[in-house]
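Here is the structure we will look at.
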Amino acid sequence: MSEYLTSSQAARLLGVSRSTFLNWQSSGKLAEYGVHPIQTLGGQYRYRRDEIEELLRMLTAGGHPEGVPRSNGRPAGPVPDEPDPGEPDPEGDDAADSL
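Rendered as C-alpha cells:
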C-alpha cells in the first residue's frame with residue numbers, strides 16, 4: 128500500500144513552501160506531471176509519496192526541464208535572446224538615438 132503525504136510534507140520533500148505547492152495544485156501543474164491527490168472525507172488532500180518522489184527526480188535530474196514548475200510556480204522555458212539593457216548594441220545600430 129502506498130504512503131500518503133499531506134501538502135506540507137510533500138512541499139517539504141520537494142523543497143518548496145506549502146503555498147507554492149498549493150499553487151501548483153490549483154493551477155494543474157502537479158497533475159501535468161503525474162501527481163494526482165486523493166481527497167479525504169474531511170476534504171483534505173493527500174499525495175502519494177511515489178508520485179512526489181518522481182516529480183522530485185524530474186526536478187533534480189536536469190534542473191528545471193522546460194514546462195516543469197519552478198519554485199515561483201512558472202514553467203522554466205528557454206531564455207530569450209535579448210541584449211542586456213546596459214550592453215552596447217553589438218551591431219552598432221542605435222535606432223533609439225535617431226528619434
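Heads up, the sequence shown is in our numbering, so the first residue is 128 and it goes up one at a time.
By construction, the Cβ of each residue, glycine as well, lies at the ideal position given by its N, Cα and C atoms.
- Of the other Cβ atoms in all chains shown, fewer than 16 fall within 10 Å of the Cβ of L168; this residue is therefore exposed.
- Around I165, the same chain offers R173 as residues with beta carbons nearer than 6 Å, after the five sequence neighbours per side are excluded.
- For the options G161, S146, S144, K156, the alpha carbon positioned closest to that of R176 is the one of G161.
- Taking 3 residues as the minimum length, the beta strand (DSSP E) runs contained wholly in the stretch 129-187 are 172-175, in order along the chain.
- Only residues of its own chain outside the window of five on either side were considered, and among them A138 have a CB closer than 7 Å to the CB of S144, listed in chain order.
- Going by C-alpha positions, L157 is about 6 Å away from W151.
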